[in-house]
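See structure below.
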Amino acid sequence: MNSTRESAVTAPLVEVFDLTLSENPFAPLPSVLEEVNAALREGNRYPEFLPRRLPAVIAAHIGVEPEQVVVGAGATGVALQIMQTVSGPGRRMVFASPTFDGYPIMAAMAGLEAVAVPLDSSGEQDLAAMARAVGHRTALVAVCRPHNPTGTVPAVAELKSFLFSVPRHVPVILDEAYVEFLPEDERVDVHDLIAHYPNLVVLRTFSKAYGLAGLRIGYAFGAPELIARIRRLQLPFGTPEYAVAAVRACYAASAELAERIRDITAEREKVRTALRHRGIEVPNSRGNFLYLPGPGAHAALADAGIAAKGYGDGSARIAVGDPRADAAVLEAFDSRGGRGRRTDRNGRSDRNGGDDSTARLAIRQSHIRPGAGTRTMR
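Written out as structure tokens, the structure reads:
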């Protein structure tokens, strides 16, 4: 047998992990799949011309009125509707840099000029600088809580101070795509915020904690007047019936979903601790992902056949929750002998991996560059 063919046949299979999109490692719950499949039996029928049932189901669950909810094709689809609602010649959108990749892309689609505000000296969203970046041309601001990609969480008092400083005519997106992974004592009372700030719109998704990324179900809620403006751009026949069935089934299975969230967050903390013991300054993430500051993080994962979300300075963001993938991540850095492990003045290795302040500084020093076509506020 040809030696090349023989080596190809006998070479061990290497499992490839794609951790780029912060996906939930679990398939949808059987009860959810059952309801979705039942809805698909009526797939020859059109859904509602404009969605009424899905906003009502969501509103009843989160404790608001149906007219306070707008739905769309994932949080991304709803965010684009919001941007299109406020767009106009010369108008701008302010967000942190780095942030959710979709924001600069969709801002360009909607005709908004992106204003990217770098993270602060501790590697977190600089809400004070973002507030200063708001000017007469600003049409929209977006804040992530937890932040994508670092997973850090702005303090409630800091968030309230920020909202107070933004003019009431400028809508603010509070992106809570990962809110279900937040401990209860770290969540903010969004109902109270909406009551005080009618320009606030809270953005959420069923893609992350609920594990329905492929079904594209997202929503936003806020003051009725603001939501009514956003609803004017609702796509006719754009909300499939299976979305209503899936959301109802998810809410009915809240106990099972909560158990999955506990499993994912426990795995996240295990991996974060292990990476920090290897000298990697991983911040205290509150999402289903971890941010590994560069340089070299993305390359180490790529060399091990692990796909991760990469950044210009060599940093990486990885989804967590799958024990096999998480083990492969740790092995990738073990094979490189660790990275950036610090030693004290006597040359002893710091096995604790440093504290969160060191991790935040590492993020800040990574100098992640904003995407093309954005203005960077300094």
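Under our numbering, think of the first position of the sequence shown as 122, with each following residue one higher. Each residue gets a CB set at the ideal place from its N, CA and C atoms; glycine is no exception.
Practice task
Output yes or no for whether 7 Å exceeds the beta carbon distance between Ala367 and Val191.
Solution key: In this structure, Ala367 lies away from Val191, with their beta-carbon atoms at least 7 Å apart.
Handout entry: As assigned by DSSP and simplified to three states, the class of Gly284
Key = Residue identity differs from the one stated: residue 284 is Leu in this sequence, not Gly. DSSP, reduced to helix, strand and coil, places Leu284 within a helical segment of the structure shown.
Handout entry: Helix, strand or coil at Arg213 according to DSSP, with G and I counted as helix
Key = Note: Arg213 maps to strand in three-state DSSP.
Exercise for the section: Indicate whether Phe216 and Ala263 have their beta-carbon atoms separated by less than 7 Å. Expected result: Contact flag set, yes.
Exercise for the section: Give me the Cα-Cα distance between Leu233 and Gly195, rounded to the nearest whole angstrom. Expected result: A straight-line Cα-Cα distance of about 21 Å links Leu233 and Gly195.
Problem - Neighbourhood of Glu279 by C-beta distance below 7 Å, restricted to the same chain and skipping five residues each side - result: Excluding residues within five positions, the ones whose Cβ falls inside 7 Å are Leu248.
Handout entry: 4 or more residues per run - each alpha helix (DSSP H) lying fully within the stretch 303–332
Key = As far as the stretch 303–332 is concerned, its whole alpha helix (DSSP H) runs of at least 4 residues are 311–317.
Practice task
Using alpha carbons as the reference points, say which of Val293, Asn320, Leu356, Val153 lies closest to Glu169.
Solution key: Relative to Glu169, the option among Val293, Asn320, Leu356, Val153 whose CA is nearest is Leu356.
Practice task
Let me know the secondary structure DSSP gives Ala440 once reduced to three states.
Solution key: Ala440 falls in the strand class under three-state DSSP.
Problem - Per-residue burial, Val441 [other beta carbons within 10 Å of its own, 16 or more giving buried] - result: It counts as buried.
Practice task
Could you check which residue in His317, Pro219, Ile226, Pro187 has the C-alpha nearest to that of Thr197?
Solution key: Selected option, being the one with the closest Cα: Ile226.
Handout entry: First through last residue of the beta strand (DSSP E) which encompasses Leu356
Key = Unbroken run through Leu356: none, as it is neither H nor E.
Exercise for the section: Please specify which runs of the alpha helix (DSSP H), each continuous and at least 4 residues long, are wholly inside the stretch 225–270, giving them in chain order. Expected result: Unbroken alpha helix (DSSP H) stretches of 4 residues or longer found wholly inside the stretch 225–270: 248–254, given in chain order.
Handout entry: Tyr167 in three-state terms, based on DSSP
Key = In this structure, Tyr167 counts as coil in the three-state DSSP scheme.
Practice task
Using the Cα positions of Arg266 and Ala330, report the straight-line distance between them to the nearest angstrom.
Solution key: Their backbone Cα atoms lie some 14 Å apart in a straight line.
Practice task
Could you tell me which residues DSSP puts in a beta bridge with Asp139?
Solution key: Partner(s): Ala428.
Exercise for the section: Measure the C-alpha to C-alpha separation of Val300 and Ala379 and round it to an integer number of angstroms. Expected result: If you take the alpha carbons of Val300 and Ala379, they lie about 12 Å apart.
Handout entry: Pro345 beta carbon less than 7 Å from that of Gln189
Key = In terms of Cβ geometry, Gln189 and Pro345 form a close pair [threshold 7 Å].
Problem - Helix, strand or coil at Asp434 according to DSSP, with G and I counted as helix - result: Coil at Asp434, not helix or strand.
Exercise for the section: Go ahead and pull the three-state DSSP assignment for Leu97. Expected result: Absent from the structure is residue 97, since the part of the chain shown begins at 122 and ends at 499.
Problem - Selection from Ile294, Pro292, Pro270, Ile338 that minimises the alpha carbon distance to Val157 - result: Measuring from the Cα of Val157, the nearest candidate turns out to be Ile338.
Handout entry: Cutoff 6 Å; reference Ile294; Cβ partners in own chain excluding five residues on either side
Key = Excluding sequence neighbours, Ile294 sits near Ala263, Val322, Leu324.
Practice task
Measure the alpha-carbon distance for Leu411 versus Arg397 and round it to whole angstroms.
Solution key: Those two C-alpha atoms are separated by around 11 Å.
Exercise for the section: Could you say if the stretch 173–182 and the stretch 358–376 meet the contact criterion of at least three C-beta pairs nearer than 8 Å? Expected result: With the cut-off at 8 Å, the stretch 173–182 and the stretch 358–376 touch.
Exercise for the section: Using the Cα positions of Val403 and Leu413, report the straight-line distance between them to the nearest angstrom. Expected result: Cα to Cα, Val403 sits roughly 5 Å from Leu413.
Practice task
Could you check what DSSP says for Ile338 in three-state terms: helix, strand or coil?
Solution key: When secondary structure is reduced to three states using DSSP, Ile338 falls in the coil class, being assigned neither helix nor strand.
Practice task
Have a look at Thr464 and Ile427 and give me their C-alpha separation to the nearest angstrom.
Solution key: No answer about Thr464 holds up, because its pLDDT of 28 lies below 50 and its placement is not dependable.
Handout entry: Beta-carbon gap between Ala200 and Tyr363 smaller than 7 Å
Key = Cβ distance not < 7 Å, so Ala200 and Tyr363 don't count as in contact.
Problem - Burial state of Leu142 (16 or more Cβ within 10 Å) - result: It is exposed - the Cβ of Leu142 has fewer than 16 other Cβ atoms within 10 Å.
Practice task
With distances taken Cα to Cα, identify the nearest neighbour of Gly184 among Val311, Ala334, Ile439.
Solution key: Cα-wise, what sits closest to Gly184 is Val311.
Practice task
Check whether the Cβ atoms of Asp384 and Pro146 lie closer than 7 Å to each other.
Solution key: Cβ atoms of Asp384 and Pro146: not closer than 7 Å.
Practice task
Can you grab the Cα-Cα spacing for the pair Ser282 / Glu388, in whole Å?
Solution key: So the alpha carbons of these two residues sit roughly 34 Å apart.
Exercise for the section: Output the distance between the C-alpha atoms of Ala237 and His290, rounded to the nearest integer angstrom. Expected result: Roughly 20 Å between the two C-alpha positions.
Exercise for the section: Rounded to whole angstroms, what's the CA-CA distance from Asp139 to Ile315? Just pull it up for me. Expected result: Computed Cα separation, rounded: 37 Å.
Practice task
Keeping to the same chain, check which residues put their C-beta closer than 7 Å to that of Pro149; ignore five residues upstream and five downstream.
Solution key: Beyond the five residues adjoining it in sequence on each side, Pro149 comes within less than 7 Å, by CB distance, of Gly332, Leu333 in the same chain, given in chain order.
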